[in-house]
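A short worksheet on the structure shown next.
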Amino acid sequence: MSADAVVVGSGPNGLVAAVTLARAGRKVLLLEAAGRFGGGLRSGELTLPGRVHDLGATVMAMALASPAFRELGLKGVEFAHPAVPVAHPLDDRPAALVHRDPGRTAEGLGRDAGAWLATAGAAARAGFPLVELLLKPLGPWDVPVRTFAQAARFGVAGALPATTLARRAFRTVEGRALIAGMAAHSVLDLRSPITAGYGLLLATLAHLVGWPLVRGGSQVLADALVAELRSLGGEAVAGHRVRRLAELSAPTIVLDVTPRQLLAMADLPAGYRRRLERFRYGPGVFKLDWALDGPVPWRDPAVAGAGTVHLGGTLEEIALSEAEMAAGRHSPRPYVLLVQPYAADPARGGHTLWAYCHVPSGSTVDMTDAIETQIERYAPGFRDRVLARHAMGPADLEAANPNLVGGDIGGGMASLVQFLRRPVWSPAPWRTPLPGVFLCSSSTPPGAGVHGVGGWQAARLALRPDGPEPSKP
Ligand SMILES: Cc1cc2nc3c(=O)[nH]c(=O)nc-3n(C[C@H](O)[C@H](O)[C@H](O)COP(=O)(O)OP(=O)(O)OC[C@H]3O[C@@H](n4cnc5c(N)ncnc54)[C@H](O)[C@@H]3O)c2cc1C
Numbered sequence: 081m082s083a084d085a086v087v088v089g090s091g092p093n094g095l096v097a098a099v100t101l102a103r104a105g106r107k108v109l110l111l112e113a114a115g116r117f118g119g120g121l122r123s124g125e126l127t128l129p130g131r132v133h134d135l136g137a138t139v140m141a142m143a144l145a146s147p148a149f150r151e152l153g154l155k156g157v158e159f160a161h162p163a164v165p166v167a168h169p170l171d172d173r174p175a176a177l178v179h180r181d182p183g184r185t186a187e188g189l190g191r192d193a194g195a196w197l198a199t200a201g202a203a204a205r206a207g208f209p210l211v212e213l214l215l216k217p218l219g220p221w222d223v224p225v226r227t228f229a230q231a232a233r234f235g236v237a238g239a240l241p242a243t244t245l246a247r248r249a250f251r252t253v254e255g256r257a258l259i260a261g262m263a264a265h266s267v268l269d270l271r272s273p274i275t276a277g278y279g280l281l282l283a284t285l286a287h288l289v290g291w292p293l294v295r296g297g298s299q300v301l302a303d304a305l306v307a308e309l310r311s312l313g314g315e316a317v318a319g320h321r322v323r324r325l326a327e328l329s330a331p332t333i334v335l336d337v338t339p340r341q342l343l344a345m346a347d348l349p350a351g352y353r354r355r356l357e358r359f360r361y362g363p364g365v366f367k368l369d370w371a372l373d374g375p376v377p378w379r380d381p382a383v384a385g386a387g388t389v390h391l392g393g394t395l396e397e398i399a400l401s402e403a404e405m406a407a408g409r410h411s412p413r414p415y416v417l418l419v420q421p422y423a424a425d426p427a428r429g430g431h432t433l434w435a436y437c438h439v440p441s442g443s444t445v446d447m448t449d450a451i452e453t454q455i456e457r458y459a460p461g462f463r464d465r466v467l468a469r470h471a472m473g474p475a476d477l478e479a480a481n482p483n484l485v486g487g488d489i490g491g492g493m494a495s496l497v498q499f500l501r502r503p504v505w506s507p508a509p510w511r512t513p514l515p516g517v518f519l520c521s522s523s524t525p526p527g528a529g530v531h532g533v534g535g536w537q538a539a540r541l542a543l544r545p546d547g548p549e550p551s552k553p
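So for the sequence shown, the working numbering puts the first residue at 81; every next one is plus one.
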């Protein structure tokens with residue numbers, strides 16, 4: 081097929097770019113290195129036959145809130161909501177819970193009710209326009225003027241380190257722990273600026289759209305986008321790794337890859353090459369998937385209804401574990417992010433579960449025991465429920481998806497500097513200096529997560545009247 085546009089990589093950003101271009105009438109060829117499409121949306125049988133595990137993302141809060149996915153419309157994809165979006169078990173007291181309703185969440189936080197309503201609650205009240213500003217910090221925006229004031233208020237709290245926000249605004253163990261567990265998704269030392277912002281954004285999404293799962297596994301979402309591309313006349317080829325840009329010939333090339341891969345693929349102007357070489361990857365993760373013979377036996381039964389569970393205890397404990405990881409050490413009591421899909425979606429062939437902890441980039445340390453010990457701490461007898469387990473360290477993750485450099489699942493560190501310079505400082509960082517070549521991965525704004533905004537922005541630039549012409553028949 082002679083294509084107007086080649087998209088390299090079929091993660092959510094690549095898929096959204098491909099469909100956006102195809103909907104605008106471009107002939108699109110999508111090339112994916114792996115045997116299956118989807119990147120971070122892939123699912124597979126990692127443990128026992130018939131058990132569906134998500135290799136990467138499960139929680140689709142960003143997809144539901146994303147202006148890019150809203151514009152595309154998701155046909156044939158059903159979202160399943162757990163009774164409780166997030167639970168945070170604690171040793172000597174009931175778990176802290178984030179409900180869909182900010183008021184109900186606040187009620188459970190006692191003296192911190194007001195603090196919760198003034199932060200995550202206020203952002204949730206500001207609604208989709210605020211989320212649109214946060215997910216599209218460089219525009220284009222179609223939001224009421226008051227949203228900019230709301231964003232400024234969000235920015236004042238969000239710019240803080242999570243430890244500062246938690247200690248200044250919250251007084252209870254539960255409130256502080258919730259902020260830490262949410263903010264630790266950033267894979268940063270919680271004493272770093274803007275970690276509060278990541279935590280508040282995720283809490284806001286829990287109230288605004290929930291933290292749902294795709295019924296049947298995240299692969300269903302990837303397959304729906306590939307089917308949409310094909311229905312528009314596009315071609316999608318799996319098992320084709322692009323090594324050099326010179327292999328491709330099309331007026332538009334959109335790359336769902338990270339800066340390190342782009343550097344290896346293309347002869348770039350020296351200045352841009354130097355800027356990409358400054359891009360920093362974050363720590364990695366060590367991930368476990370389990371097949372269980374029943375639900376996790378949580379000591380606090382309220383945790384059973386949660387889709388996502390944050391383990392690691394108090395603010396102080398989680399901050400210490402993340403500080404150790406950021407300093408290149410392995411925490412013996414790591415912060416563990418756990419997802420129990422069966423709480424919302426029984427269509428996965430039985431009780432499947434996954435969890436990961438953060439580890440230094442490229443770590444080869446087996447964290448199985450440390451992770452399972454943290455689960456046993458809040459769910460004694462958990463190990464007796466395990467029928468089979470599957471472990472992936474940073475090298476395994478990178479072998480499965482070259483974008484996960486050193487096990488970094490965020491496409492590059494989410495620090496303040498790289499929030500502003502992702503991967504380069506530019507009003508249109510999706511554009512490269514090579515004519516018609518765009519970058520769309522999570523190494524571009526707004527960063528990690530299944531939102532497709534990087535792909536949508538890159539496609540939008542390619543479709544501008546001053547962008548590359550479609551090929552002539
Ligand atoms: C374990 C894990 C859990 C996660 N959990 C969540 C979650 O619950 N919610 C959430 O929102 N996000 C989650 N994420 C993050 C989310 O998956 C990513 O941010 C998102 O997938 C990034 O999308 P992307 O399109 O930029 O790249 P990716 O999804 O990484 O896809 C890139 C694709 O490009 C392909 N590729 C790369 N180089 C080439 C090449 N040279 N030729 C051809 N193909 C190539 C890769 O094989 C891959 O398929 C998780 C990630 C991981 C790994």
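Built from N, CA and C at the ideal position, the CB exists for glycine as well. Just so we're clear, the structure is a prediction, and the values are computed from it rather than from any experiment.
**Message:** By the DSSP assignment, the beta strand (DSSP E) with tyrosine 436 in it spans what residues?
**Reply:** If you number the sequence shown from 1, residue 436 lands on position 356. Per DSSP, tyrosine 436 belongs to the beta strand (DSSP E) from 431 to 439.
**Asked** Mind checking lysine 155: buried by the 16 CB within 10 Å criterion, or exposed?
**Response** In the sequence shown, counting from the first residue as 1, residue 155 sits at position 75. It is exposed - the Cβ of lysine 155 has fewer than 16 other Cβ atoms within 10 Å.
**Asked** Do you know offhand how far glycine 319's Cα is from asparagine 483's?
**Response** Mapped onto the sequence shown, residue 319 falls at position 239. Mapped onto the sequence shown, residue 483 falls at position 403. Cα to Cα, glycine 319 sits roughly 15 Å from asparagine 483.
**Request:** Note down, one range per segment and in chain order, each alpha helix (DSSP H) of at least 4 residues found wholly within the segment 218 to 285.
**Result:** Listed in chain order, they are 226 to 238, 242 to 249, 253 to 263.
**Request:** Examine ligand 1 and report whether any of its heavy atoms sits within less than 6 Å of the Cβ of serine 90.
**Result:** For this step, residue 90 is matched to residue 10 along the sequence shown. Under cutoff, so the answer is yes.
**Request:** May I ask you to report which of helix, strand or coil DSSP gives glycine 359?
**Result:** As a first step, residue 359 must be located in the sequence shown, where it is residue number 279. A small fix is needed here, since residue 359 is phenylalanine in this sequence, not glycine. Phenylalanine 359 sits in coil when the DSSP states are folded into three classes, being neither helix nor strand.
**Item:** Segment limits, alpha helix (DSSP H) that includes arginine 501
**Value:** For the purposes of this step, residue 501 is identified with residue 421 of the sequence shown, where counting begins at 1. Following the DSSP letters along the chain, one finds arginine 501 in no alpha helix (DSSP H), marked with neither H nor E.
**Prompt:** Should lysine 367 be counted as a contact of ligand 1 given a C-beta to heavy atom distance under 6 Å?
**Reply:** Start at 1 with the first residue of the sequence shown, and residue 367 comes out as number 287. Yes, ligand 1 has a heavy atom inside 6 Å of this Cβ.
**Message:** Is it the case that the segment 190 to 202 contacts the segment 239 to 257, given that we only count it when at least three CB pairs across the two stretches are under 8 Å?
**Reply:** Because the criterion of three Cβ pairs below 8 Å is met, the segment 239 to 257 and the segment 190 to 202 touch.
**Request:** Quick one: give me the first and last residue of the alpha helix (DSSP H) that arginine 310 is part of.
**Result:** Position 230 of the sequence shown, counted from the first residue, corresponds to residue 310. DSSP places arginine 310 inside the alpha helix (DSSP H), whose first and last residues are 299 to 311.
**Request:** May I ask you to list the residues that DSSP assigns as paired with serine 123?
**Result:** Counted from its first residue, the sequence shown places residue 123 at position 43. The partner list for serine 123 (beta bridge, DSSP) reads Asp134.
**Prompt:** Using a Cβ-Cβ cut-off of 7 Å (strictly less than) and excluding sequence neighbours within five positions of isoleucine 274, which residues of its own chain qualify?
**Reply:** As a working mapping, residue 274 is identified with position 194 in the sequence shown. Cβ neighbours of isoleucine 274 beyond the five flanking positions: Gly238, Ala239, Leu496, Phe499.
**Item:** Cβ shell of alanine 232 (< 8 Å), same chain only, five flanking positions each side left out
**Value:** Residue 232 sits at position 152 when you count from the first residue of the sequence shown. Only residues of its own chain outside the window of five on either side were considered, and among them none has a CB closer than 8 Å to the CB of alanine 232.
**Asked** When burial is assigned at 16 or more other CB atoms within 10 Å of the CB, is serine 411 buried or exposed?
**Response** Locating residue 411 in the sequence shown gives position 331, counting from the first residue. Serine 411 comes out buried.
**Prompt:** Are leucine 467 and alanine 371 close, meaning C-beta to C-beta below 7 Å?
**Reply:** Numbered from 1 along the sequence shown, position 387 holds the residue referred to as residue 467. Numbered from 1 along the sequence shown, position 291 holds the residue referred to as residue 371. Between leucine 467 and alanine 371, the gap from beta carbon to beta carbon is short of 7 Å.
**Asked** Comparing the CB of alanine 479 with every heavy atom of ligand 1, is any distance shorter than 6 Å?
**Response** Taking the sequence shown and counting its residues from 1, one reaches residue 479 at position 399. Every heavy atom of ligand 1 is 6 Å or more from the Cβ of alanine 479, so no.
**Request:** Measure from the alpha carbon of threonine 284 to the alpha carbon of each residue in Trp221, Ala307, Ala145, then state which is nearest.
**Result:** In the sequence shown, residue 284 corresponds to position 204, counting from 1. Comparing Cα positions, the closest option is Ala145.
**Prompt:** Should aspartate 446 be labelled buried (16 or more other beta-carbon atoms within 10 Å of its own) or exposed?
**Reply:** Taking the sequence shown and counting its residues from 1, the one referred to as residue 446 is at position 366. Exposed is the call here.
**Request:** Could you check which residue in His390, Trp434, Pro363 has the C-alpha nearest to that of valine 485?
**Result:** Residue 485 sits at position 405 when you count from the first residue of the sequence shown. Of the listed residues, the one whose Cα sits closest to valine 485 is Pro363.
**Prompt:** Skipping 5 residues on each side, what residues in its chain have a beta carbon closer than 6 Å to that of leucine 101?
**Reply:** Taking the sequence shown and counting its residues from 1, the one referred to as residue 101 is at position 21. Correct list, in chain order: Ala85, Val108, Ala539.
**Rounded C-alpha distance that separates glycine 296 from glycine 194** = Position 216 of the sequence shown, counted from the first residue, corresponds to residue 296. Position 114 of the sequence shown, counted from the first residue, corresponds to residue 194. If you draw a straight line from the Cα of glycine 296 to the Cα of glycine 194, it comes to about 38 Å.
**Asked** DSSP three-state call for glutamate 315: helix, strand or coil?
**Response** Counting from one through the sequence shown, the residue named residue 315 turns up at place 235. The three-state secondary structure of glutamate 315, taken from DSSP, is strand.
**Asked** Pairing CB atoms from the segment 513 to 532 with CB atoms from the segment 389 to 397, are three or more of them under 8 Å?
**Response** The segment 513 to 532, when compared against the segment 389 to 397, does not touch it at the 8 Å Cβ threshold.
**Prompt:** Can the beta-carbon of alanine 160 be found less than 7 Å from the beta-carbon of proline 349?
**Reply:** By 1-based counting over the sequence shown, the position of residue 160 is 80. By 1-based counting over the sequence shown, the position of residue 349 is 269. A distance of 7 Å or more separates the beta carbons of alanine 160 and proline 349.
**Message:** For ligand 1, I want to know if leucine 111 counts as a neighbour, meaning its beta carbon is within less than 6 Å of at least one of the ligand's heavy atoms.
**Reply:** Numbered from 1 along the sequence shown, position 31 holds the residue referred to as residue 111. Yes.
**Asked** Does ligand 1 have a heavy atom nearer than 6 Å to the CB of proline 482?
**Response** Here the question's residue 482 lines up with position 402 in the sequence shown. Indeed, a heavy atom of ligand 1 lies less than 6 Å from the Cβ.
**Request:** Kindly identify the DSSP beta-bridge partner or partners of glycine 364.
**Result:** For the purposes of this step, residue 364 is identified with residue 284 of the sequence shown, where counting begins at 1. Looking at the DSSP assignment, glycine 364 forms a beta bridge with Val439.
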